Amino acid sequence: MLTNTVRRVGLSVAVAAALTSVAACGGSDDGGTGKGSGRTESRGGSVVKVDPIAALVAVQKKTGQAHSARIDGTTTMGSAMSAKQQGAIDWSDGITGTLKITSTGGAMADSMKQLGSDGSMEARYLKDGYVVDMGDAMAQQTGGKRWISYSYDDMAKLSGAAGAAMKDQMQNSTPEQGVKSLLASGDVKKVGQEDVRGVSATHYSGTVDVAELTAKNSKLDAEETAQLKEQLAASGITTEKIDIWVDENDLLVKKTERGDMQTGELNSTVYYSDYGVKVSVEAPPAAQTVDFTELMKQQQGAAS
Numbered sequence: 009m010l011t012n013t014v015r016r017v018g019l020s021v022a023v024a025a026a027l028t029s030v031a032a033c034g035g036s037d038d039g040g041t042g043k044g045s046g047r048t049e050s051r052g053g054s055v056v057k058v059d060p061i062a063a064l065v066a067v068q069k070k071t072g073q074a075h076s077a078r079i080d081g082t083t084t085m086g087s088a089m090s091a092k093q094q095g096a097i098d099w100s101d102g103i104t105g106t107l108k109i110t111s112t113g114g115a116m117a118d119s120m121k122q123l124g125s126d127g128s129m130e131a132r133y134l135k136d137g138y139v140v141d142m143g144d145a146m147a148q149q150t151g152g153k154r155w156i157s158y159s160y161d162d163m164a165k166l167s168g169a170a171g172a173a174m175k176d177q178m179q180n181s182t183p184e185q186g187v188k189s190l191l192a193s194g195d196v197k198k199v200g201q202e203d204v205r206g207v208s209a210t211h212y213s214g215t216v217d218v219a220e221l222t223a224k225n226s227k228l229d230a231e232e233t234a235q236l237k238e239q240l241a242a243s244g245i246t247t248e249k250i251d252i253w254v255d256e257n258d259l260l261v262k263k264t265e266r267g268d269m270q271t272g273e274l275n276s277t278v279y280y281s282d283y284g285v286k287v288s289v290e291a292p293p294a295a296q297t298v299d300f301t302e303l304m305k306q307q308q309g310a311a312s
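Taking the numbering used here, the leading residue of the sequence shown gets 9, the next gets one more, and so forth.
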């Protein structure tokens, strides 16, 4: 029975997807400030940003300085999974926070039903990794250990270049990274004013090369970059369209990203609110926690 559980602990990759969707596929080190003129005009004694690059550089700075926010979003990765995520994260000193992730469809939802789960998981993000509450069904098969612990270093070892890139993304999954990604696209366009949950917001849009941007943001070497491109090509991911909406205070209030995968469409929408909210998170009790690598060893031992 334990083997069946371990076989499905890959479900918690949804936890990684939920966090990285906060930041989109990556960001540039310089925030894209080298593109665009950054031109402004003076009107009636006030300065008005007329270049979308200049406007987004201000948004990146203001959003980054906010340090925390509430998150409400949805993520779909083809036929593999679809899920909702709600909670709050803090990025003042690494990424910390808690998200409730609810599976709404795809192969992941089917697997969770087989585990006797209602599709809901709690994820706690710590500086060096994250922990996932897999529920009572998991605890019954592991002597009361309902939480699985994943370290970012272990994640990086499991999937080669893609794992290394994922590690960097999860440790830098801030809302401002989503703005950096759009800046790095090189074709940022201002779409216009729109309403976002009752807030008047300015809409910007652009398309990014996923492999190039992720490799740059993750500081991979030439060999790892080539490997990452092969892995992304195999999954069907090449480009993503990123749209963001910004309120009058230069704070990000909504972000979407869309792209194609071999298993279907990648589609993520995230709303941000309550910037500056207090976020606290604690690791679960050690007696209720099992390390992912330990579970894998147990599975290998049972199979031999």
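Glycine included, C-beta positions come from ideal geometry on N, C-alpha and C.
All values derive from a computational prediction rather than experimental measurement.
TODO: Going by CA-CA distance only, name the one from 302, 74 and 256 that's closest to residue 287.
DONE: 74
- [ ] In angstroms with no decimal places, state the Cα-to-Cα distance between residue 94 and residue 121.
- [x] 21 Å
Task: C-alpha distance - residue 131 paired with residue 259, whole-angstrom precision - done: 25 Å
Open item on the list: Contact defined as beta carbons within less than 8 Å: I believe residue 264 pairs with residue 215. What is the distance between those atoms, to the nearest angstrom?
Closed with: Not really, about 12 Å apart at Cβ, beyond 8 Å.
Task: residue 91 - containing alpha helix (DSSP H), residue span - done: Premise fails: residue 91 lies in the beta strand (DSSP E), 89-98, not in any alpha helix (DSSP H).
Open item on the list: On the DSSP bridge list, what partners appear for residue 157?
Closed with: 139 and 299
Task: Presumed contact (8 Å Cβ cut-off) between residue 3 and residue 150, rounded CB distance - done: Residue 3 is absent from the model: the chain starts at 9 and stops at 312.
Task: Boundaries of the alpha helix (DSSP H) in which residue 64 is found, first to last residue - done: 60-74
Open item on the list: Quick check on DSSP: helix, strand or coil for residue 289?
Closed with: coil
TODO: With a 10 Å radius around its C-beta and 16 neighbouring C-beta atoms as the bar for buried, classify residue 29 as buried or exposed.
DONE: buried
TODO: Measure how close the beta-carbons of residue 90 and residue 112 come, nearest whole angstrom, since I'm counting them as under 8 Å.
DONE: 5 Å
Task: Beta carbon of residue 139 nearer than 7 Å to that of residue 157 - done: yes
TODO: Have a look at residue 290 and residue 155 and give me their C-alpha separation to the nearest angstrom.
DONE: 13 Å
TODO: Indicate whether residue 81 and residue 277 have their beta-carbon atoms separated by less than 7 Å.
DONE: yes
Open item on the list: Tell me which residues share the same chain as residue 187 and place their Cβ nearer than 7 Å to its Cβ, disregarding the 5 neighbours each side in the sequence.
Closed with: 64, 67, 68, 71, 252 and 260
Open item on the list: Judging by CA-CA distance, which residue of 180, 301, 60 and 196 is the nearest neighbour of residue 165?
Closed with: 301
Task: Alpha-carbon to alpha-carbon, residue 163 and residue 304 - done: 13 Å
Open item on the list: DSSP three-state label for residue 23, please.
Closed with: helix
Task: residue 187 (DSSP reduced to helix, strand or coil) - done: helix
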